[in-house]
Amino acid sequence: MNSSSTARMTTERLQALSEDDLQSLCEATHAAILDGGGFGWLSPPPHDVLERYFRGLLLVPERQLFVARHNSVIVGAAQLVRPPRNNEAQAMSAALMHFYIAPYARGLGLGRLLLTEVEQCARAMGYQILNLDVRATQKDAIALFRSHGFHHWGTHPSYARTHGQTVSGFFFTKRLQDDERIVPAHPQDTSTPIPAAGHADVTGHSLTLYPAIDLKDGSCVRLRRGEMDHATVYSDDPGAQARAWIHAGCRWLHVVDLNGAFAGRSANTEAIEAIIANATVPVQLGGGLRDLDSIGHWLAAGITRVILGSVAVKNPDLVREACRLYPGRIVAGIDARGGQVATEGWAETSEMKAVELGLRMRDVGVASVIFTEISRDGMLTGIDIAQTAELANALDIPVIASGGVGSLEHLEALRAATTRAPGIEGVIVGRALYDGRINPADALRVLS
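When you read off a place in the sequence shown, starting at 1, and then add 275, the result is the number in my numbering.
The following block contains the structure:
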């Protein structure tokens, strides 16, 4: 979830509708339709029609509803639409639809916040392309999309008919995985130049920084080689630690319940709840999540993605069902020691290879994979780039690297590796951030 500095403006994915939210959502939609944007209706339908529409929308698995709030009241919305599961040829693309901010809430920056929220979710789900179309008369929306890096690739001269007149429509697209602008299909169309990308591609594409918050007995710790007896405590206030990483500019948090990983069930419940309460960015959680009830509980509580580790090896059917129930929100955590997959909080090693498990998890529908070479975790000796790249090149879903980052040079090397392994999406960093070897601002600069 994104938030302004005053916490008066927020955006989020909406998974349930309270009566108050339903009413404010319908009122904002009514105002947007009257203003001529956001929906296909030419005039607002009856209130009960809008209520049924939004209640039904939450039941459609291919659509996700996002909302913008001002002082906790919904004043805008957008929908992220994924292709049907049988459309394999376009599985990498998602569509942004019905994007609007009510006229009475414009000029506050909520449109940009909402667009960023949808993009982050689409990127987290592994989509590479985000498409949208818009009436040519919606000048403010078009300016927002252009400023956000969307490329205008085509125009339909008879896109819509409104108030007795035919209006044209514009088609836009944006590449998400490296946030680069799409090369125009028609270079001669230079009527509206697109801003240049923020970095050269000669050193690989940008990566997401995931600061690690590992929880043991309610405190933030780091282990060496995954051994619980070798834990260093860095903070006894997980909520404050979450705020610190967000204040430093991090746009994701990576949380692991270490006790839960060994016990097979969530153990640091209060600490996790404190992180959720203090987080204004997406949070992914792993450790001890081995049944649908616990997965559903934490997703409903505010976790953006859950990480399934041991259960991925021992119960792939459960992972498949979780992916069906919560598309785009299930991540496979593949931990390996010497190339062999480890389970039970790294206490046991299986005979399965990391790439084999990665392919199985891709096939059951996980959004991405986190790969950790345990022998390097917490040792500050650098990521096993060879294994990470091998896995990334074997899969067509994003791979997040983990284990061993100890310097900016390690991050630079990983980013350079994306030129030959573009499937690497981000990196988890723990001990090096906590002990000051890497400054978060420097890490973000190197990775972006």
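C-beta: ideal position from N, C-alpha, C; glycine also.
Residue 583 holds the alpha-carbon nearest to the alpha-carbon of residue 567 among 556, 583, 554. It is roughly 12 Å from the alpha-carbon of residue 696 to the alpha-carbon of residue 482.
Within the region 488 to 536, complete beta strand (DSSP E) segments of at least 3 residues are found at 494 to 499, 502 to 510, 528 to 532, given in chain order. Taking residue 306 as the centre and dropping the five residues before and after it, the same chain places the C-beta of 377, 378 closer than 6 Å to its C-beta, in chain order. A Cβ-Cβ contact shorter than 8 Å links residue 644 with residue 606. Here residue 371 really is in contact with residue 353; their C-beta atoms are around 6 Å apart, less than 8 Å. According to the DSSP assignment, residue 371 belongs to the beta strand (DSSP E) that extends over 368 to 376.
Collapsing the DSSP output to three states places residue 693 in coil. Residue 484 is bridged by DSSP to 702. Taking a C-beta distance under 8 Å as the contact criterion, residue 674 and residue 627 do not qualify as a contact pair. Here residue 431 carries a strand assignment [DSSP, helix/strand/coil]. As summarised for the region 381 to 456, the continuous alpha helix (DSSP H) elements at least 4 residues long and confined to that stretch are 385 to 399, 414 to 422, given in chain order.
Taking a contact as a CB-CB distance under 8 Å, the pair residue 284 and residue 385 counts as one, their CB atoms being some 6 Å apart. Cβ atoms of residue 601 and residue 564 stay farther apart than 8 Å, at about 12 Å. Residue state for residue 351 is assigned as strand, using DSSP reduced to three classes.
Across the structure, residue 657 and residue 665 are spaced so that their CA atoms are roughly 16 Å apart. Residue 692 sits buried, since 16 or more C-beta atoms from the chains shown fall within 10 Å of its C-beta. Contact between the region 551 to 563 and the region 292 to 300 is absent, with fewer than three C-beta pairs closer than 8 Å.
Take the alpha-carbon of residue 396 and the one of residue 291: they are about 17 Å apart.
The beta carbon of residue 513 sits closer than 7 Å to those of 488, 490, 495, 546, 549, 550, all from its chain and outside the five residues before and after it, given in chain order.
Nearest in C-alpha terms to residue 639, of all of 690, 615, 533, 596, is 596. Under the DSSP definition of a beta bridge, residue 645 partners with 608, 675. If you ignore the 5 residues before and after residue 403, its C-beta comes within less than 8 Å of the C-beta of 367, 368, 450, 451, 452, all in its own chain and listed in chain order.
Nearest C-alpha to residue 719 among 480, 437, 301, 577: 480.
Residue burial is scored here from C-beta neighbours: residue 515 has fewer than 16 other C-beta atoms within 10 angstroms and is therefore classed as exposed. Separation of the CB atoms of residue 670 and residue 701 is rounded to 14 Å, and the pair is thereby denied contact status at 8 Å. If you draw a straight line from the Cα of residue 711 to the Cα of residue 704, it comes to about 12 Å. Taking the Cβ atoms as the reference, residue 556 lies roughly 6 Å from residue 521, within the contact range of under 8 Å. The continuous stretches of beta strand (DSSP E) do not include residue 636, which lies in the alpha helix (DSSP H) extending over residues 629 to 639. In the structure shown, residue 545 falls within a helical segment according to DSSP collapsed to helix, strand and coil. Annotation for residue 670: no alpha helix (DSSP H) segment contains it, and DSSP assigns it neither H nor E. Taking the Cα of residue 655 as reference, the smallest distance to any Cα among 525, 443, 709 is reached at 709. Residue 646 sits away from residue 661, with the two beta carbons spaced by 8 Å or more. Scanning its chain for C-beta atoms nearer than 7 Å, with the 5 sequence neighbours on each side dropped, one finds around residue 524 the residues 715, 716, 719, in chain order.
As the crow flies, the alpha-carbon of residue 393 is around 18 Å from that of residue 383. Beta-bridge pairing by DSSP links residue 560 to 530, 581.
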